[in-house]
Amino acid sequence: MRNTLLFKTKFRKIIDAFWLREDILETIPNCQCEYLDNSFKLLSVSSETLFSENELKPVFEQYKMEFSIVEQNISRVRLHTIS
95 MRNTLLFKTK FRKIIDAFWL REDILETIPN CQCEYLDNSF KLLSVSSETL FSENELKPVF
155 EQYKMEFSIV EQNISRVRLH TIS
């Protein structure tokens, strides 16, 4: 299962949407990052590896933009012991 955060964003400049996406791809290894609408307001970030909103907070702050988490889906890792 993938770990996913869905952000609602508000950009001052639309070109920042492109650069924000690129910076997130560099910050979270092996992640997928895509906008879910044409107005660049809903951004989905997902990865097989665990990550938190705190890892992305400095990236968002760099663009001095407003954002909020709309949805968070973090898979729970289960440990199985084989005897």
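Count along the sequence shown starting at 1, add 94, and that's the number in our numbering.
Note that the Cβ used here is the ideal one computed from N, Cα and C, for glycine as well.
Q.
Beta-carbon within less than 6 Å of E165's beta-carbon, same chain only, minus the 5 sequence neighbours each way: which residues are those?
A. Here residue 165 refers to the residue found at position 71 of the sequence shown. Around E165: L100.
Q: Using three-state DSSP, classify E160 as helix, strand or coil.
A: Along the sequence shown, read from residue 1 onward, the residue named residue 160 stands at position 66. Of the three classes helix, strand and coil, the one that applies to E160 here is strand, per DSSP.
(Q) Please tell me whether F161 and K104 are closer than 9 Å, where the distance is taken between their beta carbons. (A) By 1-based counting over the sequence shown, the position of residue 161 is 67. By 1-based counting over the sequence shown, the position of residue 104 is 10. Cβ distance < 9 Å, so F161 and K104 count as in contact.
(Q) Below 8 Å on the Cβ atoms is my contact criterion, and I expect I66 with E147 to pass it. Report the Cβ-Cβ distance as a whole number of Å. (A) Residue 66 lies beyond the range of the chain shown here (95 to 177); nothing can be said about it.
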